[in-house]
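Working notes, structure below.
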Amino acid sequence: MSTGYHQIRVAVEDCHRTTFRTRYESYEYLVMPFGLTNTPSTFQMTMNDIFRELLDRCVIIYLDNILIYSRSREQHLRDLDAVFTLLHKNRLITKGSKCDFLKQEFEFLGHVVSTEGVKIDPKKIKTIQEWKPPTNIKELQSFLGFVNYVRRFIPNMAGLSAPLTGRLKDHDCFWWGEKQQVAFDHLKITLTSPPILPISDPDHPYEVITDASDIAIGAVLLYDFGDGLQPVAYESWKLQGAEKNYTVYDKEMLAIVHAFKTWRCYLTGADVTVRTDHKSLQYLRAQPNLNPRQIRWLDFLESNFHYTIPYKRGANNIADAQTQPTAHTATMLVAQTSPLLTGLFTHGYKIDPFFRSAIHQQHTTATGHYFNKRDTFCIWQHITIDYVTGLPVGPSGNDAILVVVDRLTKMTHFIACQQTITAKQTAQLFIANVIRLHGLLTAIISDRDPKFTSNFWRHLWDQFGTKLQFSSAYHPQTDGQTERVNQSMEQLIRTTCTDQQTWEKSLPLLEFAYNNAPSTTTYQFPFFLNYGQDPVVPSTPNIETPVPRS
Numbered sequence: 347m348s349t350g351y352h353q354i355r356v357a358v359e360d361c362h363r364t365t366f367r368t369r370y371e372s373y374e375y376l377v378m379p380f381g382l383t384n385t386p387s388t389f390q391m392t393m394n395d396i397f398r399e400l401l402d403r404c405v406i407i408y409l410d411n412i413l414i415y416s417r418s419r420e421q422h423l424r425d426l427d428a429v430f431t432l433l434h435k436n437r438l439i440t441k442g443s444k445c446d447f448l449k450q451e452f453e454f455l456g457h458v459v460s461t462e463g464v465k466i467d468p469k470k471i472k473t474i475q476e477w478k479p480p481t482n483i484k485e486l487q488s489f490l491g492f493v494n495y496v497r498r499f500i501p502n503m504a505g506l507s508a509p510l511t512g513r514l515k516d517h518d519c520f521w522w523g524e525k526q527q528v529a530f531d532h533l534k535i536t537l538t539s540p541p542i543l544p545i546s547d548p549d550h551p552y553e554v555i556t557d558a559s560d561i562a563i564g565a566v567l568l569y570d571f572g573d574g575l576q577p578v579a580y581e582s583w584k585l586q587g588a589e590k591n592y593t594v595y596d597k598e599m600l601a602i603v604h605a606f607k608t609w610r611c612y613l614t615g616a617d618v619t620v621r622t623d624h625k626s627l628q629y630l631r632a633q634p635n636l637n638p639r640q641i642r643w644l645d646f647l648e649s650n651f652h653y654t655i656p657y658k659r660g661a662n663n664i665a666d667a668q669t670q671p672t673a674h675t676a677t678m679l680v681a682q683t684s685p686l687l688t689g690l691f692t693h694g695y696k697i698d699p700f701f702r703s704a705i706h707q708q709h710t711t712a713t714g715h716y717f718n719k720r721d722t723f724c725i726w727q728h729i730t731i732d733y734v735t736g737l738p739v740g741p742s743g744n745d746a747i748l749v750v751v752d753r754l755t756k757m758t759h760f761i762a763c764q765q766t767i768t769a770k771q772t773a774q775l776f777i778a779n780v781i782r783l784h785g786l787l788t789a790i791i792s793d794r795d796p797k798f799t800s801n802f803w804r805h806l807w808d809q810f811g812t813k814l815q816f817s818s819a820y821h822p823q824t825d826g827q828t829e830r831v832n833q834s835m836e837q838l839i840r841t842t843c844t845d846q847q848t849w850e851k852s853l854p855l856l857e858f859a860y861n862n863a864p865s866t867t868t869y870q871f872p873f874f875l876n877y878g879q880d881p882v883v884p885s886t887p888n889i890e891t892p893v894p895r896s
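If you read the sequence shown in the working numbering, its first letter stands for residue 347, the second for the next number, and so on.
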């Protein structure tokens, strides 16, 4: 169009808002000027209103660009007539030198559109091929932004660009190494001959193939053009932050949700078949227990799309290649060798003093543990805490037990209390039975009981320098250690206390028995791990000798 913005009148009551001053006098715009914040959106809305009856039937509007497409020459002429009729009716003027008619191939928004499909503009490919290696963060951002514009043509874009995107975090120190250069060259080679992506028909069903790994998620949008399925677009996403900690199920589900969000313009209203190599996703709708994140994802899918999820084996999943680590991804490989060969490797290390010293340094000193964080746990530094409630009322009026477990040694304290205990009373019991014996703590893990989330409880441990960590709401498995201890303790009470009212008196001995039994986690006695010696216990009593009553 010819100066499209200037063909839209400004409302009379708003003309004063466009006032600008010159050295002669002040002026107001009567038509919509360039440079105002709302100008692009207002113009786009106006064009959409004018061509609403033709949109997505034979016309695509992007600001002042009008794209007219048809299935035949005759139909195209009729569509042209309809467009010019609307232009004339609304007094919009086009510029002949900017118009092309009856074209089989043309450039549009950085792409070349033809009867075969959509491909990248050769000018952009040439620009990428001539791009010099970045020398600073700004140049790297510019390159990645340019490449991201054509990411739909690049399978495994997230994996290929991972070494480059990782450099964006180092704002203070830009460093360009061999891995970055390999990734940079690989992207340029990939774009040397990019695929031509065919144009799909929204009236026919689509197929989405997804996959996920520990590094990225990937998806391929496919469409059947009569001679088999062909890719319409590729998509991949490098997992960020907490996404890397998702379970396999959540990562595979995230791949599906991300694909539907990316290709929403294609998939809304269409019949979609989703293929994934994670078999349990077939039963997504029938899952009885979903976490809040999964519920949000499922609500998004169910309320916007029509889809089915049959199972597709990983070996046959073409999206699998988009999520697998590339050659420049750092990995740790564990060699699988025979015992004989392993013995030959280690024999010299055990004898030679130099190797023994090196192994000792790398495994027991501050320079060791280079793959994982060094274990810094001490006994009674990290503990878990929980309540067992609903017990019969004992002689002292107690009907609950405060359970405290040391995460390292698994030693446990069972502290009788009342179910109505307050946060202040809990703190007093804790100090008397735990802090008095073991000192201050580094971290306390608990559920979200109001007593543990109260301001008093938080302020108290903040003063002591103890970090409070809370399990997920309605998900007790987060603190599985304490839950397992609770089950064992309840079983001890049921099997040893014949009278329900005597559990409170038996609690100290039950605690002693529990701590003097081997833990299924450490295979050691918690008592021994805490005190460095086994407790003195009586010899096996003679069961035939009657026990005198007190």
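Every residue, glycine too, gets a C-beta built ideally from N, C-alpha and C. Quantities reported herein were computed from a predicted structural model and do not represent experimental measurements.
Check whether the Cβ atoms of residue i and residue j sit closer than 8 Å, and answer yes or no.
i, j, result
"Lys534", "Ile561", "no"
"Val750", "Asn832", "no"
"Val620", "Val554", "yes"
"Ile545", "Val464", "yes"
"Ser817", "Ile781", "no"
"Ile474", "Leu514", "no"
"Leu748", "Leu775", "yes"
"Tyr495", "Gly523", "no"
"Glu462", "Ile396", "no"
"Arg363", "Leu376", "no"
"Thr788", "Thr812", "yes"
"Ser416", "Cys404", "yes"
"Thr385", "Glu374", "no"
"Ser507", "Leu490", "yes"
"Thr556", "Ile500", "no"
"Glu598", "Thr622", "yes"
"Gly740", "Gln847", "yes"
"Asn482", "Gly564", "no"
Roughly how many whole angstroms lie between the Cα atoms of residue i and residue j?
i, j, result
"Pro379", "Glu359", "16 Å"
"Leu627", "Leu636", "12 Å"
"Ile767", "Asp845", "25 Å"
"Phe520", "His624", "39 Å"
"Asp880", "Leu644", "54 Å"
"Tyr595", "Asp732", "29 Å"
"Ala558", "His604", "11 Å"
"Val883", "Asp793", "35 Å"
"Gly350", "Leu433", "12 Å"
"Phe798", "Gln765", "14 Å"
"Asn591", "His532", "29 Å"
"Asn779", "Ile761", "8 Å"
"Gln450", "Ser460", "6 Å"
Report the residue from the options whose alpha carbon sits nearest the alpha carbon of residue i.
i, options, result
"Arg498", "Leu568, Asn635, Pro509, Ala588", "Leu568"
"Leu856", "Cys843, Ala508, Phe871, Met391", "Cys843"
"Lys470", "Ile483, Phe492, Asn482", "Phe492"
"Glu399", "Tyr653, Glu420, Thr431, Leu382", "Thr431"
"His352", "Phe366, Leu382, His362", "Leu382"
"Asp617", "Tyr653, Ala508, Ser742", "Tyr653"
"Phe447", "His434, Leu426, His550", "Leu426"
"Gly442", "Ile412, Arg424, Gly456", "Ile412"
"His728", "Asn744, Asp752, Ala746, Gly736", "Asp752"
"Leu575", "Ile761, Leu786, Glu589, Pro551", "Pro551"
"Ala746", "Glu850, Met393, Leu506", "Glu850"
Please work out which residues of its chain come closer than 7 Å, Cβ to Cβ, to residue i, disregarding the five sequence neighbours upstream and downstream, and give them in chain order.
i, result
"Phe606", "Leu613, Leu647, Phe651"
"Asn861", "Met757, Thr758, Pro872, Phe873"
"Thr608", "Glu581"
"Gln390", "Leu409"
"Pro479", "Trp522, Gln527, Phe530"
"Ala769", "Lys797, Ser800, Phe802, Trp803"
Spatial neighbours of residue i within its chain, please: C-beta separation below 6 Å, excluding the five flanking residues on both sides.
i, result
"Trp807", "Leu814"
"Ile655", "Val620, Leu627, Gln628"
"Leu875", "Thr755"
Tell me the DSSP secondary structure of residue i in three-state form.
i, result
"Thr473", "helix"
"His759", "strand"
"Asn862", "coil"
"Arg369", "coil"
"Lys584", "strand"
"Val493", "helix"
"Gly811", "coil"
"Asp427", "helix"
"Lys898", "One cannot answer for residue 898 here, as it falls past the ends of the chain, which runs 347 to 896."
"Tyr592", "coil"
"Phe452", "strand"
"Thr677", "For Thr677, the predicted structure reports a pLDDT of 38, less than 50, and the residue's modelled location is therefore unreliable. A value from the coordinates is still provided. Looking at Thr677 - three-state DSSP - the assignment turns out to be coil, as it is neither helix nor strand."
"His550", "coil"
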